[in-house]
Amino acid sequence: MLEHAEMAMAAGGKATPSGAGVPMLALDGVGRHFGDFVAVDDVNLELPQGEFLTLLGPSGSGKSTTLYMTAGFDRPSSGDIRILGESVLGLSPNRRNVGMVFQRYSLFPHMTVWENVAFPLSVRRFSGAEIRRRVGDTLRLVQLSDFAHRKPSALSGGQQQRVALARALVYEPRILLMDEPLSALDRKLREDLQHEIRSLHERLDVTIVYVTHDQEEALQLSDRIAVFNHGRIVQVGSGEQLYRRPANSFVASFIGASTFLVTTVRSTRDGVATLAMDNAEDVIRGPVVDGLDPGRPALVMLRPERLRLRAEPPGDDCNAVRVRVREAVFLGDNVSYVTETGDGTEIRVKEAEHAVGDGGFRAGDECWLSWHPGETHVFSDWEDADVHRQLG
Amino acid sequence: MLLDLKSMGRFRFTLYGANVLVALFLILPIVFIVALSFGSSPWLAFPPPHWTLRWYRELVDKREWLVAIGNSFKIGISVMFLSLALGVPAAFGLVRGRFAGRNALAALFMTPLIVPLVIIAIALYGLYLSIGLGGTSVAFVLSHLVIALPFSVIATSNALQAFDENLEKAAIVCGATRLQALVRVTLPGIASGIVAGALFSFLISWDEIVLAIFMSTPTLQTLPVKMWSALRLDLTPVIAAAATLMIALTVVLLVFYVAFARQGGSHGARDDA
């Protein structure tokens, strides 16, 4: 006891404003094992105060388990979780002072909207006046003041989720955890609520950890995204970084819709890899990455919006593949093509409407597919699932 | 729907007919008894020649009937509370617990519904005699508790299974202790199940006769036992009046339950809609 008190004094005596330099939330080598099954493996994350971080991944990738360990409903088998530098592993969920929004609203059905939002304050023994003030303010914030005396069952899904947000924010938690909060809503409502969550985050400056399997939602909302696969974080970065420079084929397949081609390495010279497509005389040039050896297979990923269709063969500095247009669909702001190479390999192309001009290509047209070699993403190692994820 | 009434043609009238017959079969004895209790004929003639409240007056004038009704209430209410006190925690254990033999235990809780009542009665009778509880109201309550418990366990288990456990997590992450979450969120959420368990426990005891005959003494009788023994001595419409009172209370309790369940007792399951 004495030791602790002295340490606390010493820490307080340094007189540094708390939070400066210390991350709001830190996961340090966090793992969770169920017998032989590894649900979460060596997860390391640091969130500065006010960051919006999304844990993105397919179901069963460990993102939800990580969130529930942060909330305190599950205990890591290894590693540490710290809030403002202090380990919270010994604290039960009700003492971690975090807010949480669940997938299926989880409002208390026998209480009114007002009582739901007042609940966290009343268990904290706030005074009646303080409860009235805070609940009133928070309901105004989510624009539900007029619904204060309704039961949750009398509200729409979107309204219920806004009540859940209000209930999670009313006690000003240090961190807000959200577990796929929009997955039960239809598309239109989901977009409305995304905007609302985004603007609440900006106004309140709260630190948010958000779990989703929806890449668009992740791109829409987050400052940074941590991509999960098989219980591990495979890449952390802004949406832009993940899209432009995917660390591996999994991230490439999970973020953005793209075409994958299995090729054979011909040569790697002067930083340029030459890759042969199966059965085609066409070769693709791309950057050299670790693990490329002549004669070995390599995976090529192409973003549809980086590819161009040309009637004439392009210049030497571009990749060029002879294709036939199988499908051309006008989508307003862009035209979406499905093309196929001589051996039937499918490649998707998306050209901006203004770039196509009048006419464009029609189904059956023979033309050239061209793109800059720098736009070729090359991976020396991949799983079959990554190649097929786009087709499903 | 495959078997749509409209697509059945004339066959549906057969169905209507069968339904009416079943309904009459169930309701007529009750109508009969109620009518007889207001009839003037002391020999239970039907249809009653005149209407009267005489038998009800006789029922309340005779102390022995009032005592029997009082005993039924005392025993029924005790059974109800004990059944909840044991059944609700048992349901929590069965639904939330993760232990070997859970299914076997759940089946064990249901055995009083399957074992013939008379066998339970003989077994309990022997047991109470040997431990000196024979002829006491404690023996009465305990024996009714045996057959009431499955109902409170089933009703609470069902409500608990339909209850979204995330609500409890939500309460705890909001800052509530486990006890606060239980009292303020979980118990209100499964209230309809608990109330159903309570009502059925009471009603089981209220109209039970097999165990009651074994447990009763000349001075300790519940209403059904009193009716049964009165019936053996002489056939009086007072019995019909007592039966009508029993039916009335049962109906009132069931109507109360339906009203309660409808105004929002089914909270836990609502999310699934």
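Sequences listed follow chains A and B, in order.
Following numbering that gives the first Met the number 0, the numbering of the first sequence begins with 0 at its first residue and continues without gaps.
Following numbering that gives the first Met the number 0, the numbering of the second sequence begins with 0 at its first residue and continues without gaps.
All C-beta atoms in this analysis are idealised placements derived from N, C-alpha and C, irrespective of residue type, glycine included.
Exercise for the section: Could you tell me if A:N93 is buried or exposed, where buried requires 16 or more neighbouring beta carbons within 10 angstroms of its beta carbon? Expected result: Reading the first sequence from its first residue, position 94 is the one you call residue 93 of chain A. When all chains shown are included, A:N93 counts as buried.
Practice task
Whole angstroms is fine: what's the gap from A:G61's alpha carbon to A:H212's?
Solution key: As a first step, residue 61 of chain A is located in the first sequence; it is residue number 62 there, counting from the start. As a first step, residue 212 of chain A is located in the first sequence; it is residue number 213 there, counting from the start. Whole-angstrom Cα-Cα distance: 11 Å.
Practice task
Report the residue from A:F259, A:H229, A:R189 and A:V205 whose alpha carbon sits nearest the alpha carbon of A:G157.
Solution key: Along the first sequence, read from residue 1 onward, the residue named residue 157 of chain A stands at position 158. Minimum Cα distance to A:G157 is reached at A:R189.
Exercise for the section: Would you verify that the beta carbon of B:L178 is, or is not, closer than 8 Å to some beta carbon of chain A? Expected result: Against the second sequence, residue 178 of chain B aligns to sequence position 179. It does not; no Cβ of chain A falls within 8 Å.
Practice task
Determine the DSSP secondary structure at A:S257, reduced to helix, strand or coil.
Solution key: Along the first sequence, read from residue 1 onward, the residue named residue 257 of chain A stands at position 258. Coil.
Problem - Three-state secondary structure (DSSP) of B:M7 - result: Position 8 of the second sequence, counting from 1, holds the residue named residue 7 of chain B. Of the three classes helix, strand and coil, the one that applies to B:M7 here is helix, per DSSP.
Practice task
With 8 Å as the threshold, decide whether the Cβ of A:H109 is near any Cβ in chain B.
Solution key: Taking the first sequence and counting its residues from 1, the one referred to as residue 109 of chain A is at position 110. With 8 Å as the cut-off, A:H109 counts as an interface residue toward chain B.
Practice task
Note the first and the last residue of the continuous beta strand (DSSP E) segment covering A:E387.
Solution key: For this step, residue 387 of chain A is matched to residue 388 along the first sequence. The sequence given here has His at residue 387 of chain A, not Glu. A:H387 -> not in any beta strand (DSSP E); alpha helix (DSSP H) instead, spanning D383 to R388.
Handout entry: Exposed unless 16 or more other CB atoms sit within 10 angstroms - verdict on A:A14
Key = Position 15 of the first sequence, counted from the start, is the residue given in the question as residue 14 of chain A. Residue confidence is low: A:A14 scores 39 on pLDDT, short of 50, so the model does not pin down where it sits. Its coordinate-derived value is still stated next. A:A14 comes out exposed.
Practice task
For B:N165, decide whether its Cβ has a neighbour in chain A, counting only Cβ atoms nearer than 8 Å.
Solution key: Reading the second sequence from its first residue, position 166 is the one you call residue 165 of chain B. Closer than 8 Å to some Cβ of chain A, the Cβ of B:N165 qualifies, so yes.
Exercise for the section: Give a yes or no on whether 8 Å exceeds the smallest Cβ distance from A:F72 to chain B. Expected result: Start at 1 with the first residue of the first sequence, and residue 72 of chain A comes out as number 73. Taking Cβ atoms only, chain B reaches closer than 8 Å to A:F72, which makes this a yes.
Practice task
Whole angstroms is fine: what's the gap from A:E179's alpha carbon to B:I208's?
Solution key: Locating residue 179 of chain A in the first sequence gives position 180, counting from the first residue. Locating residue 208 of chain B in the second sequence gives position 209, counting from the first residue. Rounded to whole angstroms, A:E179 to B:I208 spans 56 Å at the Cα level.
Handout entry: Partners in chain B for A:S182, counting only beta-carbon separations shorter than 9 Å
Key = On the first sequence, position 183 is the one that residue 182 of chain A refers to. Per Cβ cutoff of 9 Å: no residues; A:S182 is ~14 Å from chain B at best.
Handout entry: DSSP three-state assignment for A:A275, whether helix, strand or coil
Key = What you label residue 275 of chain A is simply residue 276 of the first sequence in a count that begins at 1. Of the three classes helix, strand and coil, the one that applies to A:A275 here is strand, per DSSP.
Exercise for the section: With A:R325 as the anchor, note down where its beta strand (DSSP E) starts and where it stops. Expected result: Residue 325 of chain A sits at position 326 when you count from the first residue of the first sequence. From DSSP, the beta strand (DSSP E) with A:R325 extends over N318 to F329.
Exercise for the section: Name the residue from A:N43, A:L52, A:E50 and A:G56 whose alpha carbon lies nearest to the alpha carbon of A:R81. Expected result: Along the first sequence, read from residue 1 onward, the residue named residue 81 of chain A stands at position 82. Ranking A:N43, A:L52, A:E50 and A:G56 by Cα distance to A:R81 puts A:N43 first.
Practice task
Taking C-beta pairs closer than 9 Å, name the residues in chain B that A:N93 reaches, listed in chain order.
Solution key: Residue 93 of chain A sits at position 94 when you count from the first residue of the first sequence. Chain B residues near A:N93: A170, I171, V172, C173, G174, A175, T176, R177, Q179 and A180.
Exercise for the section: Compute the distance between the beta-carbons of A:L54 and A:L66, then report whether it is under 8 Å. Expected result: Against the first sequence, residue 54 of chain A aligns to sequence position 55. Against the first sequence, residue 66 of chain A aligns to sequence position 67. Yes. Within cutoff.
Exercise for the section: Scan the region 8 to 40 of chain B for residues whose Cβ lies nearer than 7 Å to a Cβ of chain A and list them as they occur along the chain. Expected result: none
Handout entry: Pick from B:F31, B:Y15, B:I193 and B:A22 that is closest to B:Y239, judged by C-alpha positions
Key = On the second sequence, residue 239 of chain B is found 240 positions in, with the first residue counted as 1. The amino acid occupying residue 239 of chain B in the given sequence is Ala; Tyr does not appear at that position. Residue B:F31 is the option with its Cα nearest to B:A239.
Problem - For A:E334, the first and last residue of its enclosing beta strand (DSSP E) - result: Within the first sequence, residue 334 of chain A is the residue found at index 335, counting from 1. According to the sequence provided, residue 334 of chain A is Val. The question's Glu does not apply to it. Counting along the chain, the beta strand (DSSP E) containing A:V334 begins and ends at N333 to T340.
Handout entry: CB-CB length for B:I74 against B:H143, believed under 8 Å
Key = Here residue 74 of chain B refers to the residue found at position 75 when the second sequence is read from its first residue. Here residue 143 of chain B refers to the residue found at position 144 when the second sequence is read from its first residue. The pair is a contact, with the Cβ atoms about 6 Å apart (cut-off 8 Å).
Problem - Contact residues within the region 135 to 164 of chain B, judged by C-beta distance below 9 Å to chain A - result: D163
Exercise for the section: Please say whether A:R95 and A:V87 have beta carbons closer to each other than 8 Å? Expected result: Here residue 87 of chain A is taken as the residue at index 88 of the first sequence, counted from 1. Here residue 95 of chain A is taken as the residue at index 96 of the first sequence, counted from 1. A contact, by the Cβ cut-off of 8 Å.
Handout entry: chain B contact for A:R166 (CB, 8 Å cutoff)
Key = Here residue 166 of chain A corresponds to residue number 167 of the first sequence, with the count starting at 1. It does: the Cβ of A:R166 has a partner Cβ on chain B nearer than 8 Å.
Exercise for the section: Examine chain A for any beta-carbon lying closer than 8 Å to the beta-carbon of B:R269, and answer yes or no. Expected result: As a working note, residue 269 of chain B is residue 270 in the second sequence. In this predicted model, B:R269 has a pLDDT of only 39, less than 50, meaning its place in the structure is not dependable; the value taken from the coordinates is given anyway. Yes, B:R269 counts as interfacial toward chain A.
Practice task
For A:F33, decide whether its Cβ has a neighbour in chain B, counting only Cβ atoms nearer than 8 Å.
Solution key: Sequence index remark: in the first sequence, residue 33 of chain A carries index 34 (1-based). Taking Cβ atoms only, chain B never reaches closer than 8 Å to A:F33, which makes this a no.
Handout entry: A:R305 (DSSP reduced to helix, strand or coil)
Key = On the first sequence, position 306 is the one that residue 305 of chain A refers to. A:R305 falls in the helix class under three-state DSSP.
Problem - Neighbour list for A:M99 in chain B, Cβ cutoff strictly below 9 Å - result: In the first sequence, residue 99 of chain A corresponds to position 100, counting from 1. Within chain B, the residues near A:M99 are K168, A169, V172 and C173.
Problem - Beta-bridge pairing of A:P286 - partner residues as DSSP gives them - result: Translated into positions along the first sequence, residue 286 of chain A becomes position 287. Its beta-bridge partners are A:V271.
Problem - A:Y170: contacting residues in chain B (beta-carbon distance under 8 Å) - result: Stepping through the first sequence from its first residue, residue 170 of chain A is reached at position 171. C173 and G174, listed in chain order.
Exercise for the section: Indicate whether at least one CB of chain A lies closer than 8 Å to the CB of B:V87. Expected result: Taking the first residue of the second sequence as 1, we reach residue 87 of chain B at position 88. So no, B:V87 is outside the interface.
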